[in-house]
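Notes to accompany the following structure.
Number of protein chains: 2
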Amino acid sequence: MIQAIRYEPGTLWLLDQRRLPAEEAWVACSSVEQVARAIESMVVRGAPAIGIAAAYGVALAARRLAQGVGDAPVQGAAEGAVDRAIRRLADTRPTAVNLHWALARMEERYRRERDAGAGLGELAQALEAEARAIQEEDLAMCRRMAEYGADLLPEGARVLTHCNTGALATGGHGTALGVIRTAWSRGRLRHVWVDETRPVLQGARLTAWELLKEGIPHTLIVDGAAASLMRAGRVDAVLVGADRIAANGDTANKIGTYMLAVLARHHGIPFYVVAPWSTVDPALPSGAHIPIEERNPQEVAGYGEARWAPEASPVANPAFDVTPAELITAIITDRGVLRPPYEEGIARLAAEAGRATSAAPERRG
Amino acid sequence: MIQAIRYEPGTLWLLDQRRLPAEEAWVACSSVEQVARAIESMVVRGAPAIGIAAAYGVALAARRLAQGVGDAPVQGAAEGAVDRAIRRLADTRPTAVNLHWALARMEERYRRERDAGAGLGELAQALEAEARAIQEEDLAMCRRMAEYGADLLPEGARVLTHCNTGALATGGHGTALGVIRTAWSRGRLRHVWVDETRPVLQGARLTAWELLKEGIPHTLIVDGAAASLMRAGRVDAVLVGADRIAANGDTANKIGTYMLAVLARHHGIPFYVVAPWSTVDPALPSGAHIPIEERNPQEVAGYGEARWAPEASPVANPAFDVTPAELITAIITDRGVLRPPYEEGIARLAAEAGRATSAAPERRG
Chain C
6 MIQAIRYEPG TLWLLDQRRL PAEEAWVACS SVEQVARAIE SMVVRGAPAI
56 GIAAAYGVAL AARRLAQGVG DAPVQGAAEG AVDRAIRRLA DTRPTAVNLH
106 WALARMEERY RRERDAGAGL GELAQALEAE ARAIQEEDLA MCRRMAEYGA
156 DLLPEGARVL THCNTGALAT GGHGTALGVI RTAWSRGRLR HVWVDETRPV
206 LQGARLTAWE LLKEGIPHTL IVDGAAASLM RAGRVDAVLV GADRIAANGD
256 TANKIGTYML AVLARHHGIP FYVVAPWSTV DPALPSGAHI PIEERNPQEV
306 AGYGEARWAP EASPVANPAF DVTPAELITA IITDRGVLRP PYEEGIARLA
356 AEAGRATSAA PERRG
Chain Z
6 MIQAIRYEPG TLWLLDQRRL PAEEAWVACS SVEQVARAIE SMVVRGAPAI
56 GIAAAYGVAL AARRLAQGVG DAPVQGAAEG AVDRAIRRLA DTRPTAVNLH
106 WALARMEERY RRERDAGAGL GELAQALEAE ARAIQEEDLA MCRRMAEYGA
156 DLLPEGARVL THCNTGALAT GGHGTALGVI RTAWSRGRLR HVWVDETRPV
206 LQGARLTAWE LLKEGIPHTL IVDGAAASLM RAGRVDAVLV GADRIAANGD
256 TANKIGTYML AVLARHHGIP FYVVAPWSTV DPALPSGAHI PIEERNPQEV
306 AGYGEARWAP EASPVANPAF DVTPAELITA IITDRGVLRP PYEEGIARLA
356 AEAGRATSAA PERRG
């Protein structure tokens, strides 16, 4: 199984996704700053994977404190250090909400341990356990989503996907690519069209690499070629991930996703978003409120060492776009498949989650 | 003025478009084979420019013959050489019809000279003059189309374009980019969004370079970002060129064009095709009959020296797609602006062209 995030106390190992598929190199992070920079520079990317890496980043901060002073009580400087770690990590990428969800969960665990009078050593262990739980739960959620999603695909499906939503982007298995994995293992899948996904080429580099590893038949295309494949009747479904889903179902995802949604609608092809519930931000009324990260123009002006655009030409490089809910056939979450109107389903799940959250302390008490 | 094709008797100079914008290097061709390879390897590209380069290639063949044997009559080996030159050049790129149009025109001139008893030296001069006329007429046609097209744009227009349809792609000025040039010179244009146009990046490399040279405000984007700009109301019109237009108006153009046409329709934005009449193939009933060139997979797997896709991943690399006539707001030709239903307008112009062609020998006689 591909797993791109590995933790041992004091060190977070990240498979360097910038260097795939040419080489499988690992980056070792032993400080919060190193984790934050790994997220910013896309050593690790994919909304769920960013959340997991950030959670381990908080655990690393606590582990460092514990190594300095042993099992002293969590007070003063320690508290400031954990808060600073969370703030630094929260600032790395603005669009994905899983990051904030994971950090909020780490913060809650931190406060609980502190209030229970835990020592720094205990705190570090607790936060490491919490981060590990986030990673393991993410994998379990991916498998659940994959089952739901595979049920929706026709026999012998030829699907098109964008960016990388696989094991590399999650705790393992993947979201949209997880559905593809499961559909393939069930013998339901015929072919995968892989958008290269400019500018960072996660499709060409990462999704193709994962599909090769699994032996799943696929073909790489430029993003502009998806439309003519649809017109030729060679695509049965589009499967994408999500970075943030608003209360009305509007979905932010990798730039180019909205294009696919419009094309799918025009050609009468189902368009599925696959994302864990932690991607949903019920506090956000619509996609108009989702902040869209503008990344370095050099990503568009070239790739790696190569630069092909004229130096003086201005570049726009929004990393994400927003697909309006009305173009989404279904949102496949670990808590079930949502269908339009999404407001209702999301409000219902949010209410259940609220009850679960408020019930949890009682169960623990 | 940017002019990428220059001829002096015996040598065709081509501005190497593969090396722009990094350097302005010229390739000298003195044989048909060199011209054919320059077209295949995209030293020169763009449907009208390919036609012009091929016309000069035929002239080169005649010039070589004349240099060998002086002003001997056109017979035997000479005839075979010109025929072989035309066949070799016709095989370079399958989709663009201007190539075949230009070669047919060169062949007609050749037969006329031969039948009139011209010597090889006279033949070479005549074919050089014919190729030069094709280039000059193309520039004049571009200017005419540009006037028609600029009339269609609103004041302060923000337009989106794909690939390169500029001076580099034509005898000068350009087709879609010619409209942009003229609209800018008239003060009607506010901004140009430039699709980078994967895989060969003609937008990022060539269109951005031309716009910089002219001082026209522009922003480079990845192809997948066009959709969200349209949704944000930041695009007033889409302007593209064409490689072949069928009798019903279906249009083959650079891969990604059909995507833009669907997106423009979805967002209620006019979608204009700009192409000289020589791009229209009235013998072809619809776009389903247009051959689509499949190019080297390496163009998608990487760029230049860089390779980013896994070696073993299959690639599809259709160089063109077909936009159905119903998505095209207007086709802007040098002979006027065509509106749906295109069958009628194209049939009318074809009939006029037929009369002009059959009338021409009489006028000459």
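Going line by line, the protein sequences match chains C and Z. Each residue of the first sequence is one higher than the one before, starting from 6 at the first, in the working numbering. Each residue of the second sequence is one higher than the one before, starting from 6 at the first, in the working numbering. Heads up, the beta-carbon is just placed ideally off N, CA and C, and yes, glycines get one too. Model, not experiment: these values are computed from the prediction.
(request) With a cut-off of 8 Å on the beta carbons, I'd call residue 235 (chain Z) and residue 268 (chain Z) a contact; round off their distance for me. (result) The beta-carbon separation of residue 235 (chain Z) and residue 268 (chain Z), rounded to 6 Å, stays under the 8 Å limit for a contact.
(message) Distance cutoff 8 Å, beta carbons only. Does residue 47 (chain C) sit that close to anything in chain Z?
(response) No, residue 47 (chain C) lies away from the interface with chain Z (no Cβ there is under 8 Å from its Cβ).
(request) Along the beta strand (DSSP E) that carries residue 336 (chain C), what are the first and last residues, could you check? (result) For residue 336 (chain C), the enclosing beta strand (DSSP E) begins and ends at 335 to 338.
(message) Quick check on the burial criterion: 16 or more other C-beta atoms within 10 angstroms. Buried or exposed for residue 26 (chain C)?
(response) Residue burial is scored here from C-beta neighbours: residue 26 (chain C) has at least 16 other C-beta atoms within 10 angstroms and is therefore classed as buried.
(message) List, in chain order, every chain Z residue whose beta-carbon is nearer than 8 Å to that of residue 311 (chain C).
(response) Under the 8 Å cutoff, chain Z gives 308, 309, 310 and 311.
(message) For the structure I just gave you, are there three or more beta carbon pairs, one from the region 262 to 277 of chain Z and one from the region 303 to 310 of chain Z, closer than 8 Å?
(response) Taking a cut-off of 8 Å on C-beta distances, the region 262 to 277 of chain Z does not touch the region 303 to 310 of chain Z, as fewer than three cross pairs fall below it.
(message) Whether or not the region 45 to 55 of chain Z and the region 174 to 185 of chain Z are in contact is what I'm after, with contact meaning three or more pairs of Cβ atoms, one per stretch, closer than 8 Å; do they touch?
(response) Three or more pairs of CB atoms, one per stretch, sit closer than 8 Å, so the region 174 to 185 of chain Z contacts the region 45 to 55 of chain Z.
(request) Closer than 8 Å by beta-carbon distance: list the chain Z residues that pair up with residue 351 (chain C), in chain order. (result) Against chain Z, the beta carbon of residue 351 (chain C) has no neighbour under 8 Å; the closest one sits roughly 22 Å away.
(request) Sort C:93, C:59, C:117 and C:150 by Cα distance to residue 338 (chain C) and report the nearest one. (result) That would be C:150, whose Cα lies nearest to the Cα of residue 338 (chain C).
(message) Count Cβ pairs between the region 243 to 253 of chain Z and the region 242 to 252 of chain C that sit closer than 8 Å; are there 3 or more?
(response) Here the region 243 to 253 of chain Z makes no contact with the region 242 to 252 of chain C; the two share fewer than three CB pairs at distances below 8 Å.
(message) Does the CB of residue 296 (chain C) have a neighbour CB from chain Z at under 8 Å?
(response) No, no contact with chain Z.
(request) Please decide whether residue 318 (chain C) counts as near chain Z, where near means a Cβ-Cβ distance under 8 Å. (result) Residue 318 (chain C) counts as touching chain Z.
(request) Just the C-alpha distance for residue 146 (chain Z) and residue 172 (chain Z), rounded to the nearest angstrom, thanks. (result) When rounded, the distance between both Cα atoms is 12 Å.
(request) Can you grab the Cα-Cα spacing for the pair residue 116 (chain C) / residue 122 (chain C), in whole Å? (result) Distance between the alpha carbons of residue 116 (chain C) and residue 122 (chain C): 10 Å.
(message) According to DSSP, residue 11 (chain C) sits in a beta bridge with which residue or residues?
(response) Beta-bridge pairing by DSSP links residue 11 (chain C) to C:18.
(message) I need the boundaries of the alpha helix (DSSP H) containing residue 147 (chain Z), first residue and last residue.
(response) Boundaries of the alpha helix (DSSP H) harbouring residue 147 (chain Z): 125 to 157, taken from the DSSP string.
(request) Could you tell me the boundaries of the beta strand (DSSP E) in which residue 341 (chain Z) lies? (result) Taken as a continuous stretch (DSSP letters only), the beta strand (DSSP E) holding residue 341 (chain Z) covers 341 to 343.
(request) List the residues of chain C that residue 214 (chain Z) touches, going by C-beta distances under 7 Å, in chain order. (result) 315, listed in chain order.
(request) With residue 258 (chain C) as the anchor, note down where its beta strand (DSSP E) starts and where it stops. (result) For residue 258 (chain C), the enclosing beta strand (DSSP E) stretches over residues 256 to 259.
(request) For residue 85 (chain C), count neighbouring C-beta atoms within 10 Å of its own C-beta (all shown protein chains included) and say buried if the count is 16 or more, exposed if not. (result) Answer is exposed; the Cβ neighbour count stays below 16.
(message) Just to make sure I have the definition right: I need the residues of chain C whose C-beta is within less than 7 Å of the C-beta of residue 263 (chain Z). Which are they?
(response) What residue 263 (chain Z) touches in chain C: 232, 233 and 236.
(request) Mark residue 189 (chain C) as exposed unless 16 or more other C-beta atoms lie within 10 angstroms of its C-beta, in which case mark it buried. (result) Per the 10 Å Cβ criterion, buried.
(message) Let's see if you can read the secondary structure: which residues bound the beta strand (DSSP E) around residue 227 (chain Z)?
(response) Note, residue 227 (chain Z): premise wrong, no beta strand (DSSP E); not H, not E.
(request) Find the residues of chain Z that neighbour residue 195 (chain C), judging by a C-beta separation of less than 8 Å, and give them in chain order. (result) What residue 195 (chain C) touches in chain Z: nothing, since even the nearest Cβ is about 14 Å away.
(request) Using a Cβ cut-off of 8 Å (strictly closer), state whether residue 93 (chain Z) contacts chain C. (result) Not closer than 8 Å to any Cβ of chain C, the Cβ of residue 93 (chain Z) fails to qualify, so no.
(message) Out of C:358, C:352 and C:9, which one is the CA nearest neighbour of residue 175 (chain C)?
(response) Of C:358, C:352 and C:9, the smallest CA-CA separation from residue 175 (chain C) is found for C:9.
(request) Just the chain C side, please: which residues come within less than 8 Å of residue 51 (chain Z) by C-beta, in chain order? (result) Near residue 51 (chain Z) there are no residues of chain C at all, since even the closest Cβ is about 17 Å away, more than 8 Å.
(request) Identify every run of the alpha helix (DSSP H) within the region 49 to 115 of chain C, keeping only runs that are complete inside it and at least 4 residues long; order them along the chain. (result) Assignment of alpha helix (DSSP H) within the region 49 to 115 of chain C, counting only whole runs of 4 or more residues, yields 52 to 74 and 82 to 95 in chain order.
(message) Rounded to the nearest angstrom, what separates residue 371 (chain C) and residue 207 (chain Z) at their Cα positions?
(response) Because chain C is modelled from 6 through 370, residue 371 (chain C) falls outside the range shown and cannot be assessed.
(request) Whole angstroms is fine: what's the gap from residue 202 (chain C)'s alpha carbon to residue 16 (chain C)'s? (result) Approximately 31 Å, taken between the alpha carbons.
(request) List the endpoints of the continuous beta strand (DSSP E) containing residue 164 (chain C). (result) Here the beta strand (DSSP E) through residue 164 (chain C) covers 162 to 166.
(request) For chain Z, find out if any of its Cβ atoms is closer than 8 Å to the Cβ of residue 368 (chain C); answer yes or no. (result) The predicted position of residue 368 (chain C) is uncertain, since its pLDDT is 33 and thus under 50; no value can be drawn from it.
(request) Sort Z:169, Z:97, Z:316 and Z:335 by Cα distance to residue 44 (chain Z) and report the nearest one. (result) Of the candidates Z:169, Z:97, Z:316 and Z:335, Z:97 places its Cα closest to the Cα of residue 44 (chain Z).
(message) With a threshold of 8 Å on Cβ separation, who are the neighbours of residue 35 (chain C) within its own chain once the five nearest residues in sequence on each side are excluded?
(response) The beta carbon of residue 35 (chain C) is closer than 8 Å to those of 15, 16, 17, 65 and 69 in its chain, skipping five residues each way along the sequence.
(request) Output, in chain order, the set of chain A residues within a Cβ distance shorter than 8 Å of residue 128 (chain C). (result) In the structure shown, chain A cannot be found, because the protein chains are C and Z.
(request) Label residue 222 (chain Z) either buried or exposed according to how many other C-beta atoms from any shown protein chain fall within 10 Å of its C-beta, with 16 as the threshold for buried. (result) The residue is exposed, with fewer than 16 neighbouring Cβ atoms inside 10 Å.
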